[in-house]
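Residue numbering for the sequence shown follows the numbering used here, beginning at 784 and increasing consecutively. Please read the structure below before turning to the comments.
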Amino acid sequence: MSSEKHNTSKPTPPTDWKAEADKYWQQVSQRGADFYRDHKHLLSLRKVGAVLGGSLALAWLASGVYIVDQGNRGVVSRFGAYVDTTQPGPHWHIPLPIETVKIVNVEQQRFIEVGYSSRVTKSATLPQESLMLTSDENIVTVRLAVQYQINNAKDYLFNVKDNEATLKQLTESVERAVIGRNDMDFVLTEGRSEIVAEIKGEIQQAMDDYRTGITIASVNLQDAQPPEEVQGAFEDAIRAREDKQRLINEAEAYSNEIIPKARGAAARLLQEAEAYEAEKVAKAKGETERFDQLLVEYEKNPAITRKRLYLEAKEKLYSGSNKIMVEAERNTPQFYMPLQSAPTHSATAKTVQAPEINNDSIANDKGTSHKAAASTELRPSRSRP
């Protein structure tokens, strides 16, 4: 108590504010240093966390970058709903779990098999798929392959759950319907191309109605046969049908060969007949004209005409004879056989004595000859063929 009173009685020295400020700053700095020393590990963790968080954010954003190759399409969906279809090239989308991208190859040729499977064993037939009933109540085994490709990536991914299974079931259904509308012979022989075209058209129509985004490229009928149990009987029937067709073709070929020949022969005979007719008619006309001319001469000189005709007939008759009649020195006619017609064993020709002719007959013949000569001078003789 006494000390306090003693202090108050003394005067207070002046305050050094600068020193006080320096002292206070030193205290604050010391306390800050002590705090930093005590919490240094906490500050390092925060810094690392910030850096790590930033890196993760950048990586997350970078994961939205994707590239669509040539022949593919990128389908972007946001929380499962369709957003966009991207073309080939680099693109970016909001990363997972907000948006996702599915790449679809729209140029790849895909195929399904109905009635057989080449994946299990080579061309293994599946009876539950291959046996078909025809319109004439026969059973055939049909193996079919369908080749397709995607033409709309959005429809392919969003409209149908399992496109390949849907296409296979639809193909089998259409195939049974088409086969059931045709008889067995048509299916096994000439109707294959027509059946394939019909199946392809109906499958494409159904896929378009379902909006599957699929285009049917081709339908191949790998095989169509009767069941193995009756294979032999059907092969005999097929061979008989082939023999029938072969005989028909041979008959048609023979017909095509013989008919033109027959027509040519008929035309040739017709032309020959026409020529023969023209020849005979011309010859008949010539004979008629000759007879008319002869009649005119006969009416003028009947005896001379008869004699001339008689001499012409004898001349024509003797012109083809191998015997020659000459007059001997004693006016005795003789007949000589030419050497060409004589027998081979005779060196000389035979001389045949002609019958005796009296002078009166010779005179008559001479007179007749003179008359014939006179008649010939009146009208020249026609040349004989």
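Cβ atoms here follow ideal geometry from the backbone N, Cα and C, with glycine treated the same way. In this text the structure is predicted, and so the values were computed from the model without any measurement.
What's the gap between the Cα of Gly847 and the Cα of Asn935? Locating residue 847 in the sequence shown gives position 64, counting from the first residue. Locating residue 935 in the sequence shown gives position 152, counting from the first residue. Their backbone Cα atoms lie some 23 Å apart in a straight line.
Measure the Cβ-Cβ separation of Ser918 and Arg964 and say whether it is below 8 Å. Taking the first residue of the sequence shown as 1, we reach residue 918 at position 135. Taking the first residue of the sequence shown as 1, we reach residue 964 at position 181. With respect to the 8 Å criterion, Ser918 and Arg964 are classified as neighbours on the basis of their beta carbons.
Strand pairing of Val848, partner residues [DSSP]: Within the sequence shown, the letter at position 65 stands for residue 848. Bridge partners of Val848: Trp875.
Same chain, Cβ closer than 6 Å to Asp1006, neighbours up to 5 away in sequence not counted: In the sequence shown, counting from the first residue as 1, residue 1006 sits at position 223. Around Asp1006: Arg926.
So which of Gln988, Glu1011, Leu1004, Leu1053 has the shortest CA-CA distance to Glu973? Sequence index remark: in the sequence shown, residue 973 carries index 190 (1-based). Closest in C-alpha terms to Glu973, from the list Gln988, Glu1011, Leu1004, Leu1053, comes Leu1004.
When Ile895, Asp991, Leu844, Ser901 are compared against Gln930, the one with the closest alpha-carbon: In the sequence shown, the residue the question calls residue 930 occupies position 147. When the alpha-carbon of Gln930 is set against those of Ile895, Asp991, Leu844, Ser901, the nearest one is in Ile895.
Contact set for Ala989: own chain, Cβ-Cβ below 6 Å, skip 5 residues either direction: To locate residue 989, count along the sequence shown from 1; it is residue 206. Cβ within range, chain order: Leu953.
Tell me which same chain residues have a C-beta within less than 8 Å of the C-beta of Ser901, skipping the five on either side of it? For the purposes of this step, residue 901 is identified with residue 118 of the sequence shown, where counting begins at 1. Correct list, in chain order: Ala907.
Would you kindly work out how many angstroms separate the C-alpha atoms of Ala1146 and Ala1065, rounded to a whole number? Translated into positions along the sequence shown, residue 1146 becomes position 363. Translated into positions along the sequence shown, residue 1065 becomes position 282. Summary for Ala1146: the model assigns pLDDT 40, below 50, so the residue's position carries little reliability; its value from the coordinates is reported in the next sentence. C-alpha separation (whole angstroms): 43 Å.
Give the C-beta separation of Arg856 and Asp938 to the nearest angstrom, bearing in mind that I take them to be a contact with Cβ-Cβ under 8 Å. The sequence position of residue 856 within the sequence shown is 73, counting from 1. The sequence position of residue 938 within the sequence shown is 155, counting from 1. The beta-carbon distance between Arg856 and Asp938, rounded to whole angstroms, is 11 Å. This is too long to meet the 8 Å contact definition.
How many Å lie between Ala980 and Arg1029 at the Cα? Along the sequence shown, one-based indexing puts residue 980 at 197. Along the sequence shown, one-based indexing puts residue 1029 at 246. Answer to the nearest angstrom: the Cα atoms are 28 Å apart.
How is the alpha helix (DSSP H) around Ser976 delimited, first residue to last? Counting from 1 along the sequence shown, the entry for residue 976 is found at position 193. Unbroken alpha helix (DSSP H) run through Ser976: 975–993.
When you compare only the Cα positions, how much space is there between Ala864 and Gln911? What you label residue 864 is simply residue 81 of the sequence shown in a count that begins at 1. What you label residue 911 is simply residue 128 of the sequence shown in a count that begins at 1. Taking the straight line from one Cα to the other gives about 39 Å.
Let me make sure I understand the geometry here. Which of Asp945, Ile933, Gly898, Thr1088 has the alpha-carbon closest to that of Thr924? Within the sequence shown, the letter at position 141 stands for residue 924. For the residues Asp945, Ile933, Gly898, Thr1088, the minimum Cα distance to Thr924 belongs to Gly898.
Here's a check: name, in chain order, each residue in its chain whose Cβ is nearer than 7 Å to the Cβ of Lys983, leaving out the five neighbours to either side. Along the sequence shown, one-based indexing puts residue 983 at 200. Ile999, Val1002, listed in sequence order.
DSSP-derived helix/strand/coil call for Gly996: Along the sequence shown, one-based indexing puts residue 996 at 213. It is coil, neither helix nor strand.
How should Val970 be labelled, buried or exposed, when 16 other C-beta atoms within 10 angstroms of its C-beta is the threshold for buried? Mapped onto the sequence shown, residue 970 falls at position 187. Around the beta-carbon of Val970, 16 or more other beta-carbon atoms lie within 10 Å, marking it buried.
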